[in-house]
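Numbering (full-length UniProt numbering), first residue to last: 1 to 126. Note that the Cβ used here is the ideal one computed from N, Cα and C, for glycine as well. Given the structure is predicted, the values throughout are model-derived calculations rather than measurements. Shown next, in structure tokens, is the structure this report addresses.
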């Protein structure tokens, strides 16, 4: 469950280009599986400035609370508001309806420095 058309972080976030140069961000199947049943998501507000590699929110599951890290530096342009009522959709559809937020990157080429699907597969195989 590692889609080839996405980029990944070592902290188990995925990134895909969306309309207008915006990047959509979520957590991977590997991450949601390790977390277990997700019960709450805390995300930054639209307009918040985020820095690559820095925490930008939290995901709470029945097992633990984990930080979400920004894959790139930029400005939050959208949040998945549906997660407020149905955070468990991250467990059932982490690459679709379970997306977390969208970021307008300061440097659109920063995504090129993230892991490819092959590199992420290697990371999670160990």
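Worksheet item: What residue from 117, 105, 113 has the CA that sits closest to residue 24's CA?
Response: 105
Practice prompt. For residue 77, count neighbouring C-beta atoms within 10 Å of its own C-beta (all shown protein chains included) and say buried if the count is 16 or more, exposed if not.
Written response: buried
Worksheet item: Do you know how far the Cα of residue 37 is from the Cα of residue 107?
Response: 34 Å
Fill in: Of the residues 71, 79, 118, 67, the one placed nearest residue 32, counting alpha carbons only
67
Worksheet item: What does DSSP give as the partner residues of residue 78 in its beta bridges?
Response: 102
Practice prompt. Look up residue 17 in the DSSP assignment and give the residues it is bridged to.
Written response: 23
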